[in-house]
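Q: The opening residue of the sequence shown carries number 179 in our numbering; numbering runs sequentially from there.
Built from N, CA and C at the ideal position, the CB exists for glycine as well.
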Amino acid sequence: MKIALLGYGKMGKSIEVIAKDRGHQISIKIDSKNLNSLTIESFSEIDVAIDFSTPSTAKNNIELALKSKTPIISGTTGCLEQIEEMKNLCLVENTAFLYASNFSLGVNLFFELNKKLALLMSNHQNYEVSMEEIHHTQKLDAPSGTSISLAEQVINSQELKKEWVLDTKTKPEELLIQASRKNKVPGTHIVKYESDIDSITIEHEAHSREGFALGAVIAAEWLLPKKGVYTMKDVLFTS
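Quick look at the structure:
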């Protein structure tokens, strides 16, 4: 398939390598240097678009792809407030859109584990839940989209926690997310339940960027013949 890469940073370059290895063609590469060249007409011979750009450019990228009827997946974080608008546009244009805060197959299995554990712990309020994330120093947003997804899963599964907070907690109903940045760390996410008696911890540690890139390409392959709005859960658990 012919792919438009919208965002050509480290993630975009990793996606390019894996896509070519799987027999696909990168027909368009967009970054800050040629951003203004992207138009609806650019997608005329594109099968699917993959957006890993920036919060300031993602909306325009996604909008142009959807208006051209081109299926698009996006993993750009830091623009969650715009995603619902893009989902609605997808339905209006009768094309396909898949958004995920994290395209790693392992992370998406971790999401399912997190939801199950949160349900199991919902009746055990003597355990205090908290989260920690560790990312590379070039990670722009904090907390990460992955941490926000994990936190929202916990909040939706029990009554005590009402909102997540970053680094500093002042109220019992707040779910603490601690974010740190270190050199050469692809990404680690930890969810911990702690009581006076014991602790329960689940953790996902990425070893390289390739896992995220592979998941994005697999999602693009899966999305190509479809119409509608999807998530990575659909990719993992539906045919």
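Please say whether threonine 366 and isoleucine 326 have beta carbons closer to each other than 7 Å?
A: It is not a contact, given that the beta carbons lie outside the stated cut-off.
Q: Mapping DSSP to helix, strand and coil, what is glutamate 341?
A: Three-state DSSP puts glutamate 341 in a strand.
Q: Assuming isoleucine 204 contacts isoleucine 181 (C-beta within less than 8 Å), just tell me the rounded distance between them.
A: Going by Cβ atoms, the distance from isoleucine 204 to isoleucine 181 rounds to 5 Å, so yes, they are a contact pair.
Q: Please classify isoleucine 375: is it buried, with 16 or more other beta-carbons within 10 angstroms of its beta-carbon, or exposed?
A: The residue in question, isoleucine 375, is exposed, as its Cβ has fewer than 16 Cβ neighbours within 10 Å.
Q: Give the straight-line distance between the Cα atoms of asparagine 272 and lysine 247, rounded to the nearest whole angstrom.
A: Their Cα atoms are separated by approximately 7 Å.
Q: Report buried or exposed for lysine 188, applying the criterion of at least 16 other Cβ atoms within 10 angstroms of its Cβ.
A: Lysine 188 is exposed by the Cβ-count criterion.
Q: Does the distance from the CB of phenylalanine 288 to the CB of histidine 385 come in under 7 Å?
A: No, the pair does not count as a contact, with Cβ atoms beyond the cut-off.
Q: Sorted by chain position, which residues of the same chain lie with C-beta nearer than 7 Å to leucine 344's C-beta, five sequence neighbours on each side aside?
A: Answer for leucine 344: Ala320, Pro321, Ile355, Ala357, listed in chain order.
Q: Starting from glycine 406, follow the alpha helix (DSSP H) in both directions and report where the run begins and ends.
A: First-last for glycine 406: 406 to 408, but that is the beta strand (DSSP E), not the alpha helix (DSSP H).
Q: Is lysine 370 closer than 7 Å to serine 308 when the C-beta atoms are compared?
A: Going by C-beta atoms, serine 308 is nearer than 7 Å to lysine 370.
Q: Quick check on the DSSP output: the beta strand (DSSP E) that includes serine 205 runs from which residue to which?
A: From DSSP, the beta strand (DSSP E) with serine 205 extends over 203 to 208.
Q: Which runs of the beta strand (DSSP E) at least 3 residues long sit entirely within the segment 304 to 389? Give them in chain order.
A: Runs of the beta strand (DSSP E) inside the segment 304 to 389: 306 to 314, 341 to 344, 352 to 360, 366 to 372, 377 to 383.
Q: When DSSP labels each residue in this structure, what does aspartate 225 get in the three-state scheme?
A: Coil, per DSSP.
Q: CA-CA distance, tyrosine 408 and lysine 198?
A: About 24 Å.
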